[in-house]
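As given, the protein sequences belong to chains A and B, one line each in that order. All letters in the first sequence, in the order written, are residues 3 to 210 by the working numbering. All letters in the second sequence, in the order written, are residues 8 to 306 by the working numbering. Yeah, the Cβ is synthetic: ideal placement off N, Cα and C, and Gly gets one too. For reference, the structure is listed below as structure tokens.
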Amino acid sequence: MSELNTAMIERYRSNFLKEVEANVEEGEWVKMCMQCGVCSGSCPLGKFWDHPPQELFMMIRANKRDEVLSSESMWMCTSCYNCIVRCPRGLPITHIMHGLAHYAKRLGLAPQNQPTAKFSQMFWNNLVKKGRVNELKLGVSLYFINGFSEGVKTSLKMKDIGLNMLKAKRMNPMEILGGHGVKDVSGFHKMLEKAKELEDARIAKHGN
Amino acid sequence: MAKHEYSFYPGCSSQKGASSSNYLVSVKTMCEELDIGLTDIPDWNCCAASIGYSGGGELPRLALSARNIALSEQHNPGKDIVATCAACWLSTREAQERLEHDRQLLAECNEALAQAGLKLKNETPIKHMAEVLIQDVGYDKIKAKVKKPLEGIKIAGYVGCQTNRPFGIAGESFENPLYLDKLVDTLGADSIPGYEKKVQCCGGALAFSEPEKSQDMIKGIIEAAYDHGADMIVTPCPVCQMNVEIYQDQINLRHGTKFKMPVVYYSTLMSVAFGRSAKDAALDGQVIPAKKLEDIAGK
Chain A
3 MSELNTAMIE RYRSNFLKEV EANVEEGEWV KMCMQCGVCS GSCPLGKFWD
53 HPPQELFMMI RANKRDEVLS SESMWMCTSC YNCIVRCPRG LPITHIMHGL
103 AHYAKRLGLA PQNQPTAKFS QMFWNNLVKK GRVNELKLGV SLYFINGFSE
153 GVKTSLKMKD IGLNMLKAKR MNPMEILGGH GVKDVSGFHK MLEKAKELED
203 ARIAKHGN
Chain B
8 MAKHEYSFYP GCSSQKGASS SNYLVSVKTM CEELDIGLTD IPDWNCCAAS
58 IGYSGGGELP RLALSARNIA LSEQHNPGKD IVATCAACWL STREAQERLE
108 HDRQLLAECN EALAQAGLKL KNETPIKHMA EVLIQDVGYD KIKAKVKKPL
158 EGIKIAGYVG CQTNRPFGIA GESFENPLYL DKLVDTLGAD SIPGYEKKVQ
208 CCGGALAFSE PEKSQDMIKG IIEAAYDHGA DMIVTPCPVC QMNVEIYQDQ
258 INLRHGTKFK MPVVYYSTLM SVAFGRSAKD AALDGQVIPA KKLEDIAGK
């Protein structure tokens, strides 16, 4: 368990709603949910979610902290925005799902083997490196997500798709050597470091 | 100088050798024909595309889009930003709104931007290319440019998610937007306004991480197009295009279907209808060839 997690448990005790409101992106909206369930019924992958959004909102109010933050559910958000446009109360549900997922990850409570949780981190690491996504490296790291031998199997399974993309000039093997990026990589990195520092400080202050 | 001038945010997937490089080729052709001038935002960066949230907190993600807007305001002042990628457009517009409504975030964002020598004024309208076509150019001007009507081709307009929600195109409904169908009709092809999967999610980034779940949804999108007798699917979104086109063999293998449905960009349709070559329309970028468009382009 991370230090920040322990600090947050201490700080908020039995008020998980307050913790979410203060620390989760758009979390201040959670209390507005009226439990109609339209979001849950509109979610394209909702049938795979142990706890659809409406349920997560009630669990937050019911102090089910561990169950919410260790849930795989919000990691299966496809960012389709159905829930947002249909919510009669106008809750930014998609953003709250991303916010919960990020907060869980920040506290070290995110599920270890949820594939999208891993992919989301890979995507971030990939874009941060040079300022633009390197699709080839992203694809390769995804295939090898569960180690070498499974990676070889996945690569073989995906071989035809890769060849098709290569033929259509929509994939470039040379990207592995470097690829696209911004010119001002140093300024880009300094900007992101500063943004992270400010956000970390804001959240750490809540843990004190 | 072109009649309509914009500050252009092309996005990662449109770059040379990337998955929607064909989109950019056809967009450039389309814009030449419609007198739309595009000046790239110099040194633009990735927007994090609604999937970078594991490692990227709210502020770092906002800073990504803020950097692009600030660069645009500095180098292309007075020009509206236009994006062709749904995720690029969405992230940029979302960042703009969030920073407009939250002064603390804006102050923090500018503190981060200062590290790169930039400052955000946040006064620039952010548009999707579909808005430019419909609102700034208009169907009439598009129609007047058609040299080779796409007669006899039946096309399912697949709008997808992020071009449609949460912002969408003014005056269109979230559940049944009709602008893509109107565009198809304008080009002389036959639209399918009742195509029931036009705003169904394709899985987005989860097509990579959770392929089975996503491919089940993609199967429905293609199946419905066949049910309506479609010859091809058209879409405005790079992720929709890729997801619906390139996994058809895998879906066929798993489900015993025989899908071979071309999936093209609106800009490809327009380039062909405007009389441009197959190469200018980026038809060579199809994984599943759009034969009916090739025939028209070759005439």
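Exposed unless 16 or more other CB atoms sit within 10 angstroms - verdict on residue i
i       : result
H135(B) : buried
M78(A)  : buried
G18(B)  : buried
V154(A) : exposed
E12(A)  : exposed
D238(B) : buried
D234(B) : exposed
R340(B) : Nothing can be reported for residue 340(B), as the shown portion of chain B is limited to 8 through 306.
H97(A)  : buried
S73(A)  : buried
K226(B) : buried
G235(A) : Since the first residue shown for chain A is 3 and the last is 210, residue 235(A) is missing from the structure and cannot be characterised.
N250(B) : buried
I178(A) : exposed
M277(B) : buried
N148(A) : exposed
C38(A)  : exposed
K120(A) : buried
L120(B) : buried
S151(A) : exposed
A287(B) : The amino acid at residue 287(B) is misidentified as Ala; the sequence shows Asp. Looking at its Cβ environment, which holds 16 or more other Cβ atoms inside 10 Å, D287(B) is buried.
A177(B) : exposed
R91(A)  : exposed
R67(A)  : buried
H262(B) : exposed
M36(A)  : exposed
Beta bridge counterpart(s) of residue i as assigned by DSSP
i       : result
L187(B) : Beta-bridge pairing links L187(B) to no other residue.
L45(B)  : Y13(B)
I162(B) : S198(B) and M239(B)
V139(B) : In DSSP, V139(B) forms no bridge with anything.
A90(B)  : Y16(B) and H135(B)
V271(B) : V241(B)
Presumed contact (8 Å Cβ cut-off) between residue i and residue j, rounded CB distance
i       : j       : result
S14(B)  : P245(B) : Not confirmed; about 19 Å, so no contact.
A280(B) : L194(B) : 4 Å
V166(B) : P218(B) : Not quite, the Cβ-Cβ distance comes to about 23 Å (not below 8 Å), so this is no contact.
G189(A) : Q169(B) : Wrong, their Cβ atoms sit about 28 Å apart, outside the cutoff.
L138(A) : N174(A) : 7 Å
S57(B)  : L97(B)  : 7 Å
P46(A)  : C208(B) : 4 Å
- Query: Pairing CB atoms from the region 72-92 of chain A with CB atoms from the region 160-177 of chain B, are three or more of them under 8 Å?
  - Reply: Segment contact: the region 72-92 of chain A against the region 160-177 of chain B, three or more CB-CB distances shorter than 8 Å; contact assigned.
- Task: Check each residue of the region 7-32 of chain A: if its Cβ is closer than 8 Å to any Cβ of chain B, include it; give the result in chain order.
- Result: E27
- Message: Below 8 Å, how does it come out for the region 155-166 of chain B and the region 109-119 of chain B: are there three or more Cβ pairs, yes or no?
- Response: no
- Message: Along the region 48-71 of chain B, where does the CB come closer than 7 Å to a CB of chain A? Name the residues.
- Response: D50, N52, C53, A55, S57, I58, G59, Y60, S61, G62, G63, G64, E65, L66, P67 and A70
- On the three-pair Cβ rule with 8 Å, is the region 120-140 of chain A touching the region 47-65 of chain B? yes
- Query: Using a beta-carbon distance cut-off of less than 9 Å, what residues from the region 63-89 of chain A approach chain B?
  - Reply: W77, M78, C79, T80, S81, C82, Y83, N84, I86, V87 and R88
- Touch test, the region 264-281 of chain B against the region 290-302 of chain B, Cβ-Cβ under 8 Å, three pairs minimum: Verdict: yes, contact present.
- Query: When the Cβ atoms of the region 72-81 of chain B are set against those of the region 43-55 of chain B, are three or more pairs found closer than 8 Å?
  - Reply: The region 72-81 of chain B, when compared against the region 43-55 of chain B, does touch it at the 8 Å Cβ threshold.
- Message: Would the region 5-21 of chain A count as touching the region 99-118 of chain A if we require 3 or more Cβ pairs under 8 Å?
- Response: yes
- At a Cβ cut of 8 Å, what residues of the region 282-303 of chain B count as close to chain A, listed as they run along the chain? Residues D291, G292, Q293 and V294.
- Query: Listed from N- to C-terminal order along the chain, which residues in the region 178-190 of chain A have their beta-carbon within a distance smaller than 7 Å of any beta-carbon of chain B?
  - Reply: Of all residues in the region 178-190 of chain A, those with a C-beta nearer than 7 Å to a C-beta of chain B are H182, V184, K185, D186, G189 and F190, reading in chain order.
- Could you run through the region 139-159 of chain A and flag, in chain order, every residue whose CB is less than 7 Å away from some CB of chain B? L144
- Query: Name the residues in the region 21-37 of chain B whose C-beta lies less than 9 Å from a C-beta of chain A; which are they?
  - Reply: Those would be Q22, K23, G24, A25, S26, S27, S28 and N29, in chain order.
- Query: Taking a cut of 7 Å between CB atoms, which residues from the region 38-59 of chain A lie near chain B?
  - Reply: P46, L47 and F50
- In the region 118-131 of chain B, which residues sit with their C-beta less than 7 Å from some C-beta in chain A, listed in chain order? So the close ones are E118, A119, L120, Q122, A123 and G124.
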